[in-house]
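This report concerns only the one structure given below.
In the numbering used here, the protein residues as written are 5 to 135.
Okay, structure coming up:
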């Protein structure tokens, strides 16, 4: 179709934490802030449904960063913490919406550095998300 881009659903792709994995991780890694996210790891933005990545061979939580109202865990997908856009693979863990925090701000938090932690293997499910 010549104008497929005009009708194609656009969104982003990533790796969702299955509910069982999420529940286990939340018990091991208690959130610091009231608004718990702990949902997914972004792969690519502005893509169509046909851009879902394949199941990774490995996925591990390998790092952590936080400030007074936001926390995120760094994730290594197939051994790399770097997304295709050059940013850090991560899962926004929790935040304080009353202080105006949003999940996307995890990118800036992690750009300022993060601490390595003992790796935690996780299960993830490749998925297409809409905004």
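Glycine is no exception: its CB is placed at the ideal position from the N, C-alpha and C atoms.
Contact check, residue i vs residue j, beta carbons under 8 Å
| i | j | result |
| --- | --- | --- |
| residue 41 | residue 107 | yes |
| residue 35 | residue 128 | no |
| residue 19 | residue 44 | yes |
| residue 25 | residue 126 | yes |
| residue 15 | residue 135 | yes |
| residue 73 | residue 100 | yes |
| residue 130 | residue 58 | yes |
Element boundaries [beta strand (DSSP E), containing residue i]
| i | result |
| --- | --- |
| residue 99 | 94 to 99 |
| residue 28 | From DSSP, residue 28 is part of no beta strand (DSSP E) but of the alpha helix (DSSP H) over 23 to 32. |
| residue 69 | 63 to 70 |
| residue 115 | Element bounds for residue 115: not the beta strand (DSSP E) but the alpha helix (DSSP H), 110 to 115. |
| residue 105 | No beta strand (DSSP E) holds residue 105; DSSP gives it neither H nor E. |
| residue 17 | 14 to 20 |
| residue 52 | 44 to 52 |
Residue of the options minimising C-alpha distance to residue i
| i | options | result |
| --- | --- | --- |
| residue 121 | 80, 71 and 51 | 80 |
| residue 132 | 26, 52 and 34 | 52 |
| residue 49 | 32, 93 and 62 | 93 |
| residue 56 | 125, 23, 17 and 100 | 17 |
| residue 68 | 88, 84, 96 and 44 | 96 |
| residue 62 | 113, 103, 135 and 82 | 82 |
| residue 114 | 85, 135, 39 and 101 | 85 |
| residue 118 | 90, 130 and 75 | 75 |
| residue 33 | 102, 58 and 77 | 77 |
| residue 39 | 105, 124 and 109 | 105 |
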